[in-house]
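Take the sequence shown: its letters are residues 209 to 499, numbered as in the numbering used here.
Ideal placement from N, C-alpha and C gives every residue a C-beta, glycine not left out.
Working notes, structure below.
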Amino acid sequence: MKAIRAAIDRFINKTSNRGFSIVGDPTFKEANTVLDAFLKDLRKSGKIAGVVHKKPSSKEQIQLLLRAGELAPTNSEDPAQLFRTVWFYLSLFFGKRGRENQRQLKPNILILRSTPDVAGSVLATKYHQGGVDDPEDESDGKIFSIPGSSSCSVEAIKKDLKHLNPACDSLFQRPKIAQVNKFNVNDMIWCANAPIGKSTLGNLLRVMTKRAGIEPPLTNHSIKATSVTVLSNANAETRLIKSVTGHKSDTSNESYSSRPSAQQQEAMASILSDYICPDDSANPTIVRQTD
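Given below as structure tokens:
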């Protein structure tokens, strides 16, 4: 209700220039007092709850996910494990959290190529084309490879892309199961011709953490909270963190001027990689999104 009130207030001030606020003007004090009392009653009765910001995943929780097999090393030959791991990496490094956004993603957003800025290869996004199929996501993160690591995010993503079903145009496809799909690890295609549904994607981390015995279970929001918290604790600039999480700048000019350099993105990717794989050291081969 307060959000609706704020939206109405912004609309009035933007369109009429009348110089008053339905939120702060004394004329509306009685109405706002009634609204506050009503919301307090709803909260006490349990019909609504206050805003609770999601907590980030801890290192210990990520290790629990690894030990429980919810996340897997790069050499995993389990299609479901590989899907969950790649989904987690893309959510962490690229800010891909919302179920609507994730369901729209296609394999061709990830393109491996060379870059003159940093030695290695890159999966990149330059800009958004717009239109009904544009995912409206402003994130511009990169993942750098960790040569010799059993948990290299880049290698896991490359492996997943190699085994996707070409008949399905979704990035997140339903993994084959040996007992049901007669899956063989030597098969080129590890996924069925069916995308993962919005509900499954939207509840994925909750399901994974419950199976791993993590209480209370985490939600997908926790992954973006993890990205922000880890980078903030490492003193990354806010404008650089926004390039990973996808939060939008106030103006298009500010958006262009605030884009980080490849070296800055490498540093941020290394910070996140070290958080989930503390025994590995980052080295430049890059994964970046493209639309």
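{"Asked": "Would you check if the distance between the CB atom of LEU369 and the CB atom of LEU290 is smaller than 8 Å?", "Found": "no"}
{"Asked": "Around the C-beta of SER299, are 16 or more other C-beta atoms found within 10 angstroms, so that it is buried, or is it exposed?", "Found": "buried"}
{"Asked": "Whether or not the region 424-438 and the region 260-278 are in contact is what I'm after, with contact meaning three or more pairs of Cβ atoms, one per stretch, closer than 8 Å; do they touch?", "Found": "yes"}
{"Asked": "On a CA-only basis, which of LEU448, ILE220, MET476, LEU413 is nearest LEU274? Give me that one, please.", "Found": "LEU413"}
{"Asked": "Quick check on the DSSP output: the alpha helix (DSSP H) that includes ILE365 runs from which residue to which?", "Found": "361-370"}
{"Asked": "Here's the rule: buried if 16 or more other CB atoms are within 10 angstroms of the residue's CB, otherwise exposed. What is GLU278?", "Found": "buried"}
{"Asked": "Say whether the region 368-382 touches the region 402-422, bearing in mind that this needs 3 or more beta-carbon pairs closer than 8 Å, one atom from each stretch.", "Found": "yes"}
{"Asked": "How would you call MET416, buried or exposed, if buried means at least 16 neighbouring beta carbons within 10 angstroms?", "Found": "buried"}
{"Asked": "Does the beta-carbon distance from VAL436 to ILE449 come in below 8 Å?", "Found": "yes"}
{"Asked": "From ILE230 to ALA442, what distance separates their C-alpha atoms?", "Found": "41 Å"}
{"Asked": "Please report the residue range of the beta strand (DSSP E) in which LYS350 lies.", "Found": "350-352"}
{"Asked": "Taking the straight line between their C-alpha atoms, what separation do you get for GLN269 and ASN394?", "Found": "32 Å"}
{"Asked": "Ends of the beta strand (DSSP E) at ALA402?", "Found": "399-403"}
{"Asked": "Indicate the three-state DSSP secondary structure (helix, strand or coil) for PRO287 in the structure shown.", "Found": "helix"}
{"Asked": "Pull up the distance between the alpha-carbon of PHE302 and that of GLU238, whole angstroms please.", "Found": "46 Å"}
{"Asked": "Is LEU313 helix, strand or coil by DSSP?", "Found": "coil"}
{"Asked": "Out of MET209, ASN221, ILE212, ILE479, state which residue places its alpha-carbon closest to the alpha-carbon of ILE351.", "Found": "ILE479"}
{"Asked": "Please confirm whether ALA288 and ALA420 have their CB atoms less than 8 Å apart.", "Found": "no"}
{"Asked": "Consider the C-beta atom of LYS210 and the heavy atoms of the ligand MG; say whether any pair is separated by less than 7 Å.", "Found": "By its list of ligands, the structure shown contains no ligand whatsoever, and the ligand MG lies outside what it can speak to."}
{"Asked": "Let me confirm a value: ILE216 is counted as buried when at least 16 other C-beta atoms fall within 10 Å, else exposed. Which label applies?", "Found": "exposed"}
{"Asked": "Taking the Cβ atom as the reference point for each residue, do LEU409 and ARG311 lie within a distance shorter than 8 Å?", "Found": "yes"}
{"Asked": "Based on the DSSP output, what are the partners of GLN381 in its beta bridges?", "Found": "PRO403"}
{"Asked": "Please identify the residue among GLU445, GLN471, ILE431 whose C-alpha is closest to the C-alpha of TYR483.", "Found": "ILE431"}
{"Asked": "So, ALA364 versus VAL438, is the Cβ gap smaller than 8 Å?", "Found": "no"}
{"Asked": "If we ignore side chains and look at the alpha-carbon of each, how far apart do ASP458 and SER284 end up?", "Found": "Caution is warranted here: a pLDDT of 40 is assigned to ASP458, below 50, making its placement in the model unreliable, and the coordinate value is therefore given only provisionally. Going from the Cα of ASP458 to the Cα of SER284 covers about 42 Å."}
{"Asked": "By the DSSP assignment, the alpha helix (DSSP H) with ALA215 in it spans what residues?", "Found": "210-224"}
{"Asked": "Excluding the 5 residues flanking SER358 on each side, which residues of the same chain have their C-beta closer than 7 Å to its C-beta?", "Found": "PRO281, THR282, ASN283"}
{"Asked": "Comparing C-alpha positions only, which one of PRO355, LEU313, LEU320, CYS399 sits nearest to LYS366?", "Found": "LEU320"}
{"Asked": "Would ILE354 and SER481 qualify as a contact pair, given that the criterion is a beta-carbon distance under 8 Å?", "Found": "yes"}
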